[in-house]
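Participant:
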Amino acid sequence: EEVSEEELKNSALIIIGSYNTNEFLQKINNEIPVDFQSNQFSFNDRIYSGEDETVSLIYRNPFNKNKLLLIFSGNSNEYIYSNLSFNFIGDLSISKNTEREFLGFYKYDADLNWIIDKSLSRNYVEQKQQVNAFKHYNYIIHFDDYDFNLLRKEPVRNDSLFEAANIFFNSPISKTKTDIHIYKSFEDKGLIIGSTELNSINPADSSIHLVMNDFIIGNDFSKNAELLAHHFLGDAKTKFLKEGLAVHFSNEWREKGYEYWSSKIFLSGNIPSLKDLLNNEEINFISYLIYQPLAGSFISFLIDKFGKEYFISHYSNWIFNSNEINGMEKEWHSYLSKIASDYKAQIDNDNWMNRITLPTFQKGFCFAHVGYQIYNGYASQKAVESLMKMKTLGANSFSMTPFTYMRDPNKPVKLKYWEFAEGESIESMINLMNAARDLNLTAMLKPHIYLGENNWPGVIEMKSEKDWKLFFYYYEKWIMHYAIFAEMYHVPLFVIGNEFSKASINHEQEWIELSKKIRKIYSGKIVYAPNWGDEFEKLTFWNHFDYIGLSEYYPISEKDNPTDEELLKGAEDVVNRIEQVHQKFNKPVIFTEAGFRASTAPWKTALEKEGRDEIHLQNQVRCYKALFTAIENEDWLKGIYWWKWPSYLEYKGFTFGEGYDLYSPNNDGTEKVIKEWYSKIF
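Numbered per this note's numbering, the sequence shown spans residues 728 to 1409.
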């Protein structure tokens, strides 16, 4: 009632509520893509009339087409308000309950009207189908070209495991069937239900949701077991016990089973303390790829120690005090040692790195997750298409960069795993690894600490030795998440640190110790990536690494308008400077990053900031040519990864601030230079 006509014309508008109660929605109904009516809405000739059906869309404000309009609507105000989310996915989204049925994206027509791009839109409701119901489960398939051979063994296997679990719980077999939803990709699962996890449970209806395709099977029965345990025993008070009981029934956890992985972790000496594992807060800062297999083995240990009946009767209320934990830890380690003895030979023989041939020269790009949406990030088909284009330029390698965050570079903090659906999650990188195998691309894993738009890891500097000790302790826990991931999914190159500068030069021993711990659990090649200049030239720990890494952003000229000859001379001087470090340690070098901006004077500094109208593609081309020419015959250099190649090809380089990110060589001029030179090198 208080909104004026002037405000409607000069504001971005957010409209919330149903057609029956929101007069603004009634007023603009003829101006938007969705047709709202009393107790229903329609789109693309499909009518949505359920109380749990909602629509969210972004459009142009009909009162002022230079302003935006956001609509959150549906058929029931109560349902709309209780499920209101400002986490927009796509331009137009229609959902039923918690499941997305349609996702649309706009394009411009000849008159610059916003119309739905059918080639990009997803109609998930038309793909959904239910396969014949089986004994204990119903199977709902969310894609229309599923391979029944892929699914054929699952019902028999699940029914068998279901009945075995019921025997364990001493419970009658329920006649109620559980729905298992199967998705073809992490992207589809994420877009439909908001989770890109390998497998998950929807608490609203106790349904199971998993990804199943020709390269990964998400059905390891752990989520089935979690539901059964919840039904028969309730939930344990400690996360370690709850997830452990679920994993305990999964002999195929991460393909080789939880006993294999808990044995490998134990033998590597990277096992967390039982005190931390049984602490519901501390366990959030331990990799689930580490604690889940250990949790499965801990359940086996408890059953072996106390008996099944005692375990079942104590499970839901079991709290361990510090004395019990201290007394139990040694026994548990003895139990793990016994299990590990059965797997040691297999673990010793499973050195997958012996089966991987690295390129003679890594012709790479830093593959950047630039979209921060499910449909344009690492988990997406767009990312696969971007890798395919990258391959056409002669690339044989790429790097993946997951992040964590530090707010204050001077205070140690527990580092969180950024495992959200829109980010660089483990599952999204599994998607890239599969695409890389098909394209014969070598992957390098390069985790980073993010410190905000205008900062970088080089500013991290603790104020006391106590704080430095804590920093490295927290960092080790975080980086081990990616070390075990790299081992599980055969990532052949692992960068264990990036551009730390103050945290490296005066703390080399800490990095040496970390490298030793990582080697005990990870079979591939390890790298450290210092920043150019002092950090790169002063470090001496290179004998503990397989490569000397370098973020290669050395300036190649101080002039405003250097000639091509002057740029080449500057690049040659830089290469000679780098070669001196190589000769000192006799280790091959990889440019883990290298780049020049398409800006006014990219040869001067890598940190140059430009306005939107100051784009100079030819300057980027000239710098690329100079560096390529300077490195052409240097045998000690074994790879270069250009910063950066985007996860979706439509990306044009916008940043959140004012100006462009002009590093990407995804443009006609620089692409041609890369293709020409990558064809020359080996």
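We put the beta carbon where it would ideally sit given N, CA and C, even for glycine.
If you reduce the DSSP assignment to three classes, tell me which class E828 lands in.
Facilitator: Mapped onto the sequence shown, residue 828 falls at position 101. DSSP places E828 in strand when its eight states are reduced to three.
Participant: Does DSSP classify F1381 as helix, strand or coil?
Facilitator: On the sequence shown, position 654 is the one that residue 1381 refers to. At F1381, the pLDDT of 48 sits below 50, so the modelled position is not reliable and the matter cannot be decided from this model.
Participant: Considering only the alpha carbon of each residue, which of Q1236, E1214, P1282 and E732 lies closest to W1195?
Facilitator: What you label residue 1195 is simply residue 468 of the sequence shown in a count that begins at 1. Ranking Q1236, E1214, P1282 and E732 by Cα distance to W1195 puts Q1236 first.
Participant: Under a Cβ-count criterion, where at least 16 other Cβ atoms within 10 Å of its own Cβ denotes burial, should Q1307 be classed as buried or exposed?
Facilitator: The residue labelled residue 1307 in the question sits at position 580 within the sequence shown. That one is exposed.
Participant: Closest to E1188 by CA distance: which of F1198, I1026, Q1100 and R1082 is it?
Facilitator: Counting from 1 along the sequence shown, the entry for residue 1188 is found at position 461. Residue F1198 is the option with its Cα nearest to E1188.
Participant: Candidates S1113, K1244, G1366 and K964: which alpha carbon is nearest E1377's?
Facilitator: Looking up residue 1377 in the sequence shown gives position 650. For the residues S1113, K1244, G1366 and K964, the minimum Cα distance to E1377 belongs to S1113.
Participant: Which of the three DSSP states is assigned to R787 in this structure?
Facilitator: Counting from one through the sequence shown, the residue named residue 787 turns up at place 60. Assignment of R787 by DSSP, reduced to helix, strand and coil, places it in the strand class.
Participant: Can you list, in chain order, the residues of its chain with a C-beta nearer than 7 Å to that of W1363? Leave out the 5 residues immediately preceding and following it.
Facilitator: In the sequence shown, residue 1363 corresponds to position 636, counting from 1. Within its own chain, the residues whose Cβ lies closer than 7 Å to the Cβ of W1363, once the five positions on either side in sequence are excluded, are E1306, H1309, P1315 and V1316, listed in chain order.
Participant: Does the beta-carbon of T1382 have 16 or more other beta-carbons within 10 angstroms, so that it is buried, or is it exposed?
Facilitator: Indexing the sequence shown from 1 puts residue 1382 at position 655. Since pLDDT at T1382 reaches only 44, below the 50 mark, its modelled position is unreliable, and no value is offered.
Participant: Quick one, which of K1379, T1356, Y1375 and G1366 has its alpha-carbon nearest V1400's?
Facilitator: For the purposes of this step, residue 1400 is identified with residue 673 of the sequence shown, where counting begins at 1. The option with the nearest alpha carbon to V1400 is T1356.
Participant: Just the C-alpha distance for L968 and I1046, rounded to the nearest angstrom, thanks.
Facilitator: As a first step, residue 968 must be located in the sequence shown, where it is residue number 241. As a first step, residue 1046 must be located in the sequence shown, where it is residue number 319. In a straight line, the C-alpha of L968 is about 10 Å away from that of I1046.
Participant: From K1407, Q857, A1106 and L1295, pick the residue whose C-alpha is nearest to that of L1354; which is it?
Facilitator: As a working note, residue 1354 is residue 627 in the sequence shown. When each option's Cα is compared against that of L1354, the closest is L1295.
Participant: In three-state DSSP terms, what is P1373?
Facilitator: Indexing the sequence shown from 1 puts residue 1373 at position 646. Note: P1373 maps to strand in three-state DSSP.
Participant: Under 8 Å, with one C-beta from each stretch per pair, do the segment 1129-1138 and the segment 1171-1190 reach the 3-pair mark?
Facilitator: Verdict: yes, contact present.
Participant: What does S769 pair with, by DSSP beta-bridge criteria?
Facilitator: Taking the first residue of the sequence shown as 1, we reach residue 769 at position 42. DSSP output for S769 lists D762 and I774 as bridge partner(s).
Participant: Where does R849 sit, in a helix, a strand or coil, going by DSSP?
Facilitator: Position 122 of the sequence shown, counted from the first residue, corresponds to residue 849. In the three-state reduction of the DSSP assignment, R849 falls in the strand class, which pools E and B.
Participant: Which whole-angstrom value describes the C-beta separation of M1080 and P1219, a residue pair presumed to lie in contact below a C-beta threshold of 8 Å?
Facilitator: For the purposes of this step, residue 1080 is taken as residue 353 along the sequence shown, with counting starting at 1. For the purposes of this step, residue 1219 is taken as residue 492 along the sequence shown, with counting starting at 1. Indeed they touch by this definition, with Cβ atoms about 6 Å apart.
Participant: Could you tell me the distance, in whole angstroms, from the CA atom of A1213 to the CA atom of L1172?
Facilitator: Position 486 of the sequence shown, counted from the first residue, corresponds to residue 1213. Position 445 of the sequence shown, counted from the first residue, corresponds to residue 1172. Going from the Cα of A1213 to the Cα of L1172 covers about 7 Å.
Participant: For a quick check, are the C-beta atoms of N1394 and L1344 less than 9 Å apart?
Facilitator: Numbered from its first residue, the sequence shown carries residue 1394 at position 667. Numbered from its first residue, the sequence shown carries residue 1344 at position 617. Result yes, Cβ atoms of N1394 and L1344 sit closer than 9 Å.
Participant: Just verifying my parser: in three-state terms, what is the DSSP assignment at L994?
Facilitator: Your numbering for residue 994 matches position 267 in the sequence shown. L994: helix per DSSP, three-state reduction.
Participant: Report the start-end ranges of each beta strand (DSSP E) in the segment 1150-1188 that is 3 residues or longer and not cut off at the edges.
Facilitator: 1169-1172 and 1175-1177
Participant: Judging by CA-CA distance, which residue of E1285, G817, N737 and E1279 is the nearest neighbour of R1304?
Facilitator: The count along the sequence shown starts at 1 and reaches residue 1304 at position 577. When only C-alpha atoms are compared, the closest one is E1279.
Participant: Roughly how many angstroms separate the alpha carbons of H1175 and F1130, rounded to a whole number?
Facilitator: One-based indexing of the sequence shown puts residue 1175 at position 448. One-based indexing of the sequence shown puts residue 1130 at position 403. Rounded to whole angstroms, H1175 to F1130 spans 5 Å at the Cα level.
Participant: Quick one: what does DSSP say I743 is sitting in, helix, strand or coil?
Facilitator: Counting from one through the sequence shown, the residue named residue 743 turns up at place 16. In this structure, I743 counts as strand in the three-state DSSP scheme.
Participant: Note the first and the last residue of the continuous beta strand (DSSP E) segment covering S1126.
Facilitator: By 1-based counting over the sequence shown, the position of residue 1126 is 399. Where S1126 is concerned, the enclosing beta strand (DSSP E) stretches over S1124 to M1127.
Participant: Check the DSSP bridge columns for L839 and list the partner residues they point to.
Facilitator: On the sequence shown, position 112 is the one that residue 839 refers to. DSSP, once it has assigned bridges, lists no residue as partnering L839.
Participant: Given this structure, state the Cα-to-Cα distance separating N1006 from S1250, to the nearest angstrom.
Facilitator: Here the question's residue 1006 lines up with position 279 in the sequence shown. Here the question's residue 1250 lines up with position 523 in the sequence shown. The straight-line gap from Cα to Cα measures roughly 30 Å.
Participant: Going by CA-CA distance only, name the one from D962, Y864 and D871 that's closest to L888.
Facilitator: Translated into the one-based positions of the sequence shown, residue 888 becomes position 161. Closest in C-alpha terms to L888, from the list D962, Y864 and D871, comes Y864.
Participant: Take I1408 and list the residues in its own chain whose beta-carbon comes closer than 6 Å to its own, dropping the five residues that flank it on each side.
Facilitator: As a first step, residue 1408 must be located in the sequence shown, where it is residue number 681. These residues qualify, in order along the chain: F1088.
Participant: Sorted by chain position, which residues of the same chain lie with C-beta nearer than 7 Å to I1101's C-beta, five sequence neighbours on each side aside?
Facilitator: Translated into positions along the sequence shown, residue 1101 becomes position 374. Contacts found: I816, E914, G917, L918, T923, S1107, A1148 and E1149.
Participant: Between the C-alpha atoms of G1396 and A1095, what's the straight-line distance to the nearest angstrom?
Facilitator: Working through the sequence shown from its first residue, we reach residue 1396 at position 669. Working through the sequence shown from its first residue, we reach residue 1095 at position 368. In a straight line, the C-alpha of G1396 is about 20 Å away from that of A1095.
Participant: At which residues does the alpha helix (DSSP H) containing Y873 begin and terminate?
Facilitator: Here residue 873 corresponds to residue number 146 of the sequence shown, with the count starting at 1. Neither: Y873 is in no alpha helix (DSSP H) and is coded neither H nor E.
Participant: Which whole-angstrom value is the C-beta distance of K1244 and N997, which I expect to be below 8 Å?
Facilitator: Your numbering for residue 1244 matches position 517 in the sequence shown. Your numbering for residue 997 matches position 270 in the sequence shown. With a Cβ gap of about 6 Å, K1244 and N997 count as contacting.
Participant: Counting C-beta neighbours from all protein chains within 10 Å, is the total for T905 16 or more, i.e. buried, or is it exposed?
Facilitator: Here the question's residue 905 lines up with position 178 in the sequence shown. With a 10 Å radius around the Cβ and a threshold of 16 neighbouring Cβ atoms, T905 comes out buried.
Participant: To which residues of the same chain is I774 closer than 7 Å at the C-beta, ignoring the five residues directly before and after it?
Facilitator: Position 47 of the sequence shown holds residue 774. Within the same chain, I774 has close Cβ partners Q767.
Participant: Report yes or no: do three or more beta-carbon pairs, one from the segment 1272-1291 and one from the segment 1318-1335, lie closer than 8 Å?
Facilitator: yes
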